[in-house]
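Line by line, the protein sequences give chains A and B. 37 is the number of the first residue of the first sequence in the working numbering; add one for each residue after it. 37 is the number of the first residue of the second sequence in the working numbering; add one for each residue after it. Quick reminder that beta carbons are idealized off the backbone N, C-alpha and C, glycines included. Computed from a prediction, not measured in an experiment: that's the story for all the values here.
Protein chains: 2
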Amino acid sequence: MKTRLFTPGPVEIPARILRALSQVPPHHRTDVFRATMKRVTEELRWVHCTEGEVFLLGASGTGGMEAAVVNLMSPRDKALVPTAGKFGDRWASILKAYAVPHQTIPFEWGSAIDPNAVRQALEQDPSITAVFTTHSETSTGVVHDLEAIARITRPKNVLLVVDGITSVGVHPLPQDRWGVDVVVCGSQKGLMIPPGIATVSLAPWAAKAIEGERLPRFYWDLIRARKSAPLGETAFTPPVSLVLALEESLAMLREEGLEAVHDRHRKLAHALAAGAQALGFTLFAARPGHAVTSLVPPGGGDASPYVKRLREAHGMVVAGGQDHLKGKIFRIGHMGAYDLGDIHAVLGALDECVTTLSGAAGKNSVAVRAMSAATAAWQEA
Amino acid sequence: MKTRLFTPGPVEIPARILRALSQVPPHHRTDVFRATMKRVTEELRWVHCTEGEVFLLGASGTGGMEAAVVNLMSPRDKALVPTAGKFGDRWASILKAYAVPHQTIPFEWGSAIDPNAVRQALEQDPSITAVFTTHSETSTGVVHDLEAIARITRPKNVLLVVDGITSVGVHPLPQDRWGVDVVVCGSQKGLMIPPGIATVSLAPWAAKAIEGERLPRFYWDLIRARKSAPLGETAFTPPVSLVLALEESLAMLREEGLEAVHDRHRKLAHALAAGAQALGFTLFAARPGHAVTSLVPPGGGDASPYVKRLREAHGMVVAGGQDHLKGKIFRIGHMGAYDLGDIHAVLGALDECVTTLSGAAGKNSVAVRAMSAATAAWQEA
Numbered sequence: 037m038k039t040r041l042f043t044p045g046p047v048e049i050p051a052r053i054l055r056a057l058s059q060v061p062p063h064h065r066t067d068v069f070r071a072t073m074k075r076v077t078e079e080l081r082w083v084h085c086t087e088g089e090v091f092l093l094g095a096s097g098t099g100g101m102e103a104a105v106v107n108l109m110s111p112r113d114k115a116l117v118p119t120a121g122k123f124g125d126r127w128a129s130i131l132k133a134y135a136v137p138h139q140t141i142p143f144e145w146g147s148a149i150d151p152n153a154v155r156q157a158l159e160q161d162p163s164i165t166a167v168f169t170t171h172s173e174t175s176t177g178v179v180h181d182l183e184a185i186a187r188i189t190r191p192k193n194v195l196l197v198v199d200g201i202t203s204v205g206v207h208p209l210p211q212d213r214w215g216v217d218v219v220v221c222g223s224q225k226g227l228m229i230p231p232g233i234a235t236v237s238l239a240p241w242a243a244k245a246i247e248g249e250r251l252p253r254f255y256w257d258l259i260r261a262r263k264s265a266p267l268g269e270t271a272f273t274p275p276v277s278l279v280l281a282l283e284e285s286l287a288m289l290r291e292e293g294l295e296a297v298h299d300r301h302r303k304l305a306h307a308l309a310a311g312a313q314a315l316g317f318t319l320f321a322a323r324p325g326h327a328v329t330s331l332v333p334p335g336g337g338d339a340s341p342y343v344k345r346l347r348e349a350h351g352m353v354v355a356g357g358q359d360h361l362k363g364k365i366f367r368i369g370h371m372g373a374y375d376l377g378d379i380h381a382v383l384g385a386l387d388e389c390v391t392t393l394s395g396a397a398g399k400n401s402v403a404v405r406a407m408s409a410a411t412a413a414w415q416e417a
Numbered sequence: 037m038k039t040r041l042f043t044p045g046p047v048e049i050p051a052r053i054l055r056a057l058s059q060v061p062p063h064h065r066t067d068v069f070r071a072t073m074k075r076v077t078e079e080l081r082w083v084h085c086t087e088g089e090v091f092l093l094g095a096s097g098t099g100g101m102e103a104a105v106v107n108l109m110s111p112r113d114k115a116l117v118p119t120a121g122k123f124g125d126r127w128a129s130i131l132k133a134y135a136v137p138h139q140t141i142p143f144e145w146g147s148a149i150d151p152n153a154v155r156q157a158l159e160q161d162p163s164i165t166a167v168f169t170t171h172s173e174t175s176t177g178v179v180h181d182l183e184a185i186a187r188i189t190r191p192k193n194v195l196l197v198v199d200g201i202t203s204v205g206v207h208p209l210p211q212d213r214w215g216v217d218v219v220v221c222g223s224q225k226g227l228m229i230p231p232g233i234a235t236v237s238l239a240p241w242a243a244k245a246i247e248g249e250r251l252p253r254f255y256w257d258l259i260r261a262r263k264s265a266p267l268g269e270t271a272f273t274p275p276v277s278l279v280l281a282l283e284e285s286l287a288m289l290r291e292e293g294l295e296a297v298h299d300r301h302r303k304l305a306h307a308l309a310a311g312a313q314a315l316g317f318t319l320f321a322a323r324p325g326h327a328v329t330s331l332v333p334p335g336g337g338d339a340s341p342y343v344k345r346l347r348e349a350h351g352m353v354v355a356g357g358q359d360h361l362k363g364k365i366f367r368i369g370h371m372g373a374y375d376l377g378d379i380h381a382v383l384g385a386l387d388e389c390v391t392t393l394s395g396a397a398g399k400n401s402v403a404v405r406a407m408s409a410a411t412a413a414w415q416e417a
């Protein structure tokens, strides 16, 4: 049985990228690698949809989020954190770790952030200098209405800092056009490579936002990164092999076209949602995104047996719910190199799981039923 | 012409490790990967020579250094930084970024830190709670007498925090036996894998040193890492592919044996030093280590043409001097999977360079002279 990752990241890595990883990497202080870094940075600006700067850090996505906080905030600033999930809450945790004053607007997990609440909070407290939020909330499968939030923050000159970790390369996120100041991404999601690189993009108008007195930082210091970037260098030794993998991933995105990539994710998410609902599952997300589909089992029972059976009987790795959603939902990731065949495969497996776990036979498709019978006969023979 | 890295890291990556990198990596929240993490952590304790904890961070070595500072120091602590090179100075830069009071004891680059100066400073200022220093100073090729420094700090219960980035897997550094509280390492040196992992080891008696009020931190928070470690997990998504590479590298070190690995590095460093001196080069390091050999050209002339010619005529990537040593020295790295054949190759190239660049013919060995003549004849034919 093959192992298939349907995880909310790290995701399946295409063979082309595995091959790139197994190259003998050049030294990072050579012209050949400097040229690679410049090309990769240029392509990252394309994927991040910005004419501004994109910084590449050797870290997970959380490192990129921390870099955004410490480079954008001074101890005298105040932040607003609208959140409806674990990763929205992470912004608040980072701000708290640095003792930055912040107001959280919590929404129920699974619901979408109400942009009007952001507007009201900003109007009530003009001392707020930045809004930290999430585009695609990986813990619930919700995509928030970032465009509407940006329409509020941008005219007020309040920084909008977005966790785009499961959004870049998945959902349209035209940073400059929407007016998003900063977008953070990680490498192991829509970018399809192993974890270890975070990217932070700064819209052209936000270039000065990292200047002046800021929170203490050294490894995350983007001013230092800015000085090295024009030379095709990073402030500290970059994860060279992962940069080569990223170059290959960006080439794949370029070949398919960013719009086609977004469109494919949208279609796959809709296909999975339709199929799963036909099997009796309920969508957990009030506003489902295209990175992760969160499902509540038929009848609202325990979700854990689905995670277990998908893994043990079908070799499919999906994720359970996090924190208080443990056992309530499970999450199927489909970011990156997924196609309709993958969705058919996971729906076939879900179909079998429903029959086995809930005893609710009869939902199965004609094809899956015939296939199951044949497999059973073959196993008995 | 092949490209050969004789750089002070990232170093040549053995084919076995490239193969490990090209594996389909498992998801990090699976039992198979948790088991890998536990094995890797156990082997890292062996390489770090400690019965204490070893934390694995997705970052370059500098990230590991910053993690040490922010987890060990509170705003009321004071640090001592004996330094004799760029990487010793880095401790001071990180402490400065976090506004931690610190006293620097600068030694001339190329010289070794005098342990007595550390003793005097600690006796004069009992408010110093930690000494941050370097074992193998990559910018100069010096290995400092860490054992002597530990004999001073340990009885005083002053923390000794060591950059072992080009030392672990190269020099003997028996952390627990010598009494070193914390050792930081990076993945792209003696551990032979690409950059992107930092390791931080805490001696058993220093377990409490990261507890209590500390500097602001989130991604670097070792208390959080400590909570995840027993489960075979990391606080944030680890660089999964690099962990698989590290597993292979640790297997290679285990097969050769740590003592044999240290011994090989010692012999190669001595062989290169002897050969280079016979060719008219001078050793820059007052106390040469086994990771990097820093050479001053015959007659003390400009070192840059050597770096250029080694690269262009011999495909050998070495490093120039950094900061004020630019043009004065060049540095040949031989950490990791190097053997006597590699040293012969680099000495042959140095021999040719001396003749070509300084016109000081006659130093060449009989074999190299005959080889050069044959090559010249072949090129003319």
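In this structure, DSSP gives Leu315/B a state outside helix and strand, which the three-state scheme calls coil. At a cut-off of 8 Å, the C-beta of Ile49/A has a neighbouring C-beta in chain B.
For Val167/A, no alpha helix (DSSP H) segment is defined; the enclosing uninterrupted segment is the beta strand (DSSP E) at Ala166 to Thr170. A Cβ-Cβ separation of about 5 Å places His84/A in contact with Val90/A under the 8 Å criterion.
Membership of Pro266/A in any beta strand (DSSP E) is not indicated, and neither H nor E is assigned to it by DSSP. In this structure the region 336 to 352 of chain B does not lie against the region 292 to 302 of chain B, because fewer than three pairs of beta carbons, one per stretch, are closer than 8 Å.
Here the alpha carbon of Phe69/B sits roughly 8 Å from the alpha carbon of Gly268/B.
If you check the CB distance, Gly222/A and Gly97/A come in under 8 Å. For Val60/A, at least one C-beta of chain B is nearer than 8 Å to its own C-beta. Where Leu195/A is concerned, the enclosing beta strand (DSSP E) starts and stops at Leu195 to Asp199.
Per DSSP, Gly372/A lies in no alpha helix (DSSP H) segment and is marked neither H nor E. When DSSP assignments are scanned along the region 238 to 298 of chain A, the uninterrupted stretches of alpha helix (DSSP H) that are 4 or more residues long and fall wholly within it turn out to be 258 to 264 and 276 to 292. A check of alpha carbon separations from Pro61/A across Val60/B, Ala51/B and Pro61/B identifies Ala51/B as the nearest. Contact between the region 195 to 207 of chain B and the region 163 to 173 of chain B is present, with at least three C-beta pairs closer than 8 Å. Listed as beta-bridge partners of Gly94/B by DSSP are Ile233/B. Look at the region 55 to 87 of chain A and you find these whole runs of alpha helix (DSSP H), each 4 residues long or longer: 67 to 83. When DSSP states are grouped into helix, strand and coil, Gln211/A belongs to the helix group.
Identification of residues in the region 207 to 238 of chain A having a C-beta nearer than 8 Å to some C-beta of chain B yields Gly222, Gln224, Pro230, Pro231 and Gly232, given in sequence order. Here Val117/A has Trp127, Ala128, His138, Thr140 and Phe168 as same chain residues with Cβ atoms under 6 Å from its own Cβ, once five neighbours each way along the sequence are excluded. Within 7 Å of the CB of Ser96/B, the CB atoms of chain A belong to Gly94, Phe272 and Thr273, in sequence order along the chain.
It is roughly 21 Å from the alpha-carbon of Thr189/B to the alpha-carbon of Ser147/B. Distances from the CA of Asp181/A to each of Thr174/A, Thr170/A, Pro191/A and Asp161/A were compared; the closest alpha carbon is that of Thr170/A.
Here DSSP, grouped into helix, strand and coil, assigns Val106/A to helix. Judged by DSSP secondary structure, Ala157/A falls within the alpha helix (DSSP H) whose first and last residues are Pro151 to Gln160. About 19 Å separates the Cβ atoms of Gly99/A and Glu173/A, ruling out a contact at the 8 Å cut-off.
Among the bridge pairs identified by DSSP, Ile141/A is matched with Pro118/A.
Against chain A, the CB of Ser277/B has a partner CB under 8 Å away; the residue lies at that interface. Contacts with chain A (Cβ-Cβ distance below 8 Å) from the region 65 to 93 of chain B involve Arg65 and Thr66, listed in chain order. Closer than 8 Å at the C-beta level to chain A, one finds these residues of the region 121 to 147 of chain B: Ser129, Ile130, Ala133, Tyr134 and Ala135. Below the 8 Å Cβ cutoff, chain A contributes no neighbours of His370/B, its closest Cβ being approximately 14 Å away.
In the DSSP assignment, Ser340/A falls within the unbroken alpha helix (DSSP H) covering Ser340 to His350. Residues of the region 159 to 178 of chain B whose Cβ lies closer than 9 Å to any Cβ of chain A: none.
Beta-bridge partners of Leu41/B (DSSP): Val353/B. Here Met37/B is exposed, its C-beta having fewer than 16 other C-beta atoms within 10 Å.
Collapsing the DSSP output to three states places Glu183/A in a helix. In the DSSP assignment, Leu331/B falls within the unbroken beta strand (DSSP E) covering Val328 to Val332.
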